[in-house]
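Everything on this sheet refers to the single structure shown next.
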DNA sequence: CTGTTAGCGCGTTCAT
DNA sequence: ATGAACGCGCTAACAG
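Here it is in structure tokens:
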């Protein structure tokens, strides 16, 4: 049997209450007594039973997710996973006494986002997870939360200067570099210009992906020629227009890298003129549309981050911060997944 | 507050004991009483607090891992992760009352493996995780465990016919296909033969990878020519010999796919004659050696499965089986990771 | 068949 | 500065 507080108390010759005070670093214990208890703890190899402690405290972890209510498939999937994590019928929801709530916020509305952050803070949650937008208002709001001791994790798009405790998402510079590496390899030998379609360069993650990608294309013996970046606002319709024009006007186009959303438009443009499809097409995030395009050979590879992993990881990390315990960084690292048609997950 | 057994008892007008009997499907309750309790449960939306239940039962989950004590880096990493999962100081070890133990078994010794399985079963564990070897003795031993109601999960290499409840590892046919897809793309346009180095074709996972790879190379307009498979016994020294000979004797060699272990030998052979390196080199599993080779440009891509994920997943799944609860299949799917030099995890 | 009671390991009053 | 006693939500003896 693992030693319990009783064993510690007996070993140290004190009462349970004193052991508790020492274990929780509370005041009102003589230094000498404290020593005795600590000695007993290490001697017996005591480790606190967190489950029992939480039961006694009837603690529950209120975690708030603030997500853009945009309509892109990735955010939809993320929302679904957050709800699933909070479902009391599941392991995390049940066993781990979580109370997950979800606040939708108009997409890219920095004022609304800052307000939502402040409001969430009022409820005194155990932690807050938010898809950050790169704006001073948001940065300040996160700073206020942090100052009040509420751990904040950014999701998908980071805001390091805000003081957030954690970022759950991929390294977007590395993602861009990865796309660059694939592009080079898929185009081996061949020359011809490469196009990039972004959502908006005001988005930090898009800027980062672009910079990593451009970096890799420029380096090495045979640099690839990068066309001026197109911005489609993550909107399928605008993206389709841009892509169709691109394909029509650049006959020797070698590759396309779409680093934002709105890929439905790109896919439509590609399937409208299959004979002019460039040799390599790369895009981000798995959705029914991108899956299908990959399976159909319209797209060569999809870079992705797993929304289920992001949701679960944010919860685990925020819980750990709330408890003051540690977590396994390797487990919480969000991978840059590369999907070809052959390693697609089922479903 | 979430409703508790007390609320149910009050609502149904019975005692706690009766509620407990109904909740745990124990005998000795009149059908009519049972109905009343169940009605109260659904009316109040009761869900059992698993943590409290486990506390009361002072239940702990004994999970045994049976792993080959071979010296390859992947198995080493897997072992380390298993130990970490079992560490009482971690979340899983502490909060979740696990007692993980590790039985090493001589690599590829089917008799010893079967004996270890039988022995593990004697201890009455909550679950057993094992790296299966494709042999009738092993299959039978797993069958005996399953028959006794002990859930078994195979790790890395599967044995579906054994009756194991779960497999934690990648789909190796898909992994082979993925390697094939990368090989085709990396060799786009270029022809020339492609070599495969396996450990041993008596290993199910190696056979499966080969079959998926060969499949993809053969299909499509321009089939790639596959040389006869080389078997290096997962031994760096034998692999080095084979690879060196291959590189020397096949001047127009376009690609190499190493689908087993012993890659240290392959890497040595490649760096000994860098000017004759084929255009595409693919191999499996991340290790200090393969990382370095990737970074040095000696290897183009590494396919991998995350040993940390496998260890954690096996524990979660076996616990779920022991409890008769469900788990999230998407969370437990082991991904076929593709690493280029640009999306390598840190460390 | 059903109810009472005493813990599981810990946190938290309220006394001393 | 320290200790005794009760309760968190649930299970398991033992009564009845």
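Chains as they are written, first to last, in the numbering used here: chain A, 1 to 347; chain B, 1001 to 1347. Even glycine gets a Cβ: it sits at the ideal position worked out from N, Cα and C.
Residue 1327 (chain B) carries a coil assignment under DSSP once its states are collapsed to helix, strand and coil.
Looking only at A:259, A:297 and A:334, the smallest Cα-Cα distance to residue 274 (chain A) is reached by A:297.
Beta-bridge annotation (DSSP): residue 1064 (chain B) is paired with B:1101 and B:1128. For the region 174-206 of chain A, the set of residues with a beta-carbon nearer than 9 angstroms to any beta-carbon of chain B comprises 174, 175, 176, 177, 178, 179, 180, 181, 182, 185, 186, 187, 188, 189 and 190, in chain order. Considering only B:1282, B:1209 and B:1280, the residue with the shortest C-alpha distance to residue 1175 (chain B) is B:1209. Contact of residue 345 (chain A) with chain B by beta-carbon distance below 8 angstroms involves 1330, 1333 and 1335. Non-local beta-carbon contacts of residue 161 (chain A) in its own chain, meaning distances under 7 angstroms to residues more than five positions away in sequence, involve 139 in chain order.
A distance below 8 angstroms separates the beta carbons of residue 217 (chain A) and residue 180 (chain A).
Partner residues in the beta bridge of residue 1337 (chain B), as assigned by DSSP, are B:1304.
Only exposed fits residue 1030 (chain B), as fewer than 16 other CB atoms lie within 10 angstroms of its CB. Where residue 1110 (chain B) is concerned, the enclosing alpha helix (DSSP H) starts and stops at 1110-1122. Against residue 1082 (chain B), chain A offers no close residue; the least beta-carbon distance is about 13 angstroms (beta-carbon pairs closer than 7 angstroms). For residue 1258 (chain B), the enclosing beta strand (DSSP E) stretches over residues 1255-1258.
Using a Cβ distance threshold of 8 angstroms, residue 1072 (chain B) and residue 1306 (chain B) do not count as a contacting pair. Between residue 340 (chain A) and residue 1178 (chain B) the beta-carbon gap is near 6 angstroms, inside 8 angstroms, which marks them as a contact. Residue 62 (chain A) has its alpha-carbon roughly 14 angstroms from the corresponding atom of residue 149 (chain A). Between the alpha carbons of residue 147 (chain A) and residue 132 (chain A) lies a distance of about 17 angstroms. For residue 77 (chain A), the enclosing alpha helix (DSSP H) begins and ends at 73-86. Contact between the region 242-260 of chain A and the region 29-44 of chain A is absent: fewer than 3 CB-CB pairs across the two stretches fall below 8 angstroms. With respect to chain A, the C-beta atom of residue 1297 (chain B) has no partner C-beta closer than 8 angstroms. Residues of the same chain with a CB within less than 8 angstroms of the CB of residue 190 (chain A), apart from the 5 flanking positions on each side, are 254 and 279 in chain order. Here residue 214 (chain A) has 226 as same chain residues with Cβ atoms under 7 angstroms from its own Cβ, once five neighbours each way along the sequence are excluded. Annotation: residue 197 (chain A) to residue 1329 (chain B) spans about 34 angstroms, alpha carbon to alpha carbon.
By the rule that beta-carbons nearer than 8 angstroms mark a contact, residue 255 (chain A) does not touch chain B. The beta carbon of residue 1319 (chain B) sits closer than 6 angstroms to the beta carbons of 1061 from its chain, once the five residues preceding and following it are set aside; these are given in chain order. Boundaries around residue 155 (chain A) are those of the beta strand (DSSP E), 152-155, since no alpha helix (DSSP H) includes it. 8 angstroms or more divides the Cβ of residue 142 (chain A) from the Cβ of residue 102 (chain A). Judged by their CB atoms, residue 1284 (chain B) and residue 1259 (chain B) are nearer to each other than the 8 angstroms cut-off. By the rule that beta-carbons nearer than 8 angstroms mark a contact, residue 229 (chain A) does not touch chain B. Sorting A:347, A:334 and A:10 by C-alpha distance to the C-alpha of residue 154 (chain A) places A:334 at the top. Out of A:70, A:114, A:203 and A:343, the CA that lies nearest to the CA of residue 106 (chain A) is found in A:70. Residue 157 (chain A) has its alpha-carbon roughly 31 angstroms from the corresponding atom of residue 1186 (chain B). Between residue 303 (chain A) and residue 282 (chain A), the beta carbon gap of about 7 angstroms places them in contact (Cβ cut-off 8 angstroms).
About 6 angstroms separates the CB atoms of residue 1321 (chain B) and residue 1165 (chain B); that is less than 8 angstroms, so the two are in contact.
With respect to residue 1051 (chain B), residue 51 (chain A) sits close: the two C-beta atoms are nearer than 8 angstroms.
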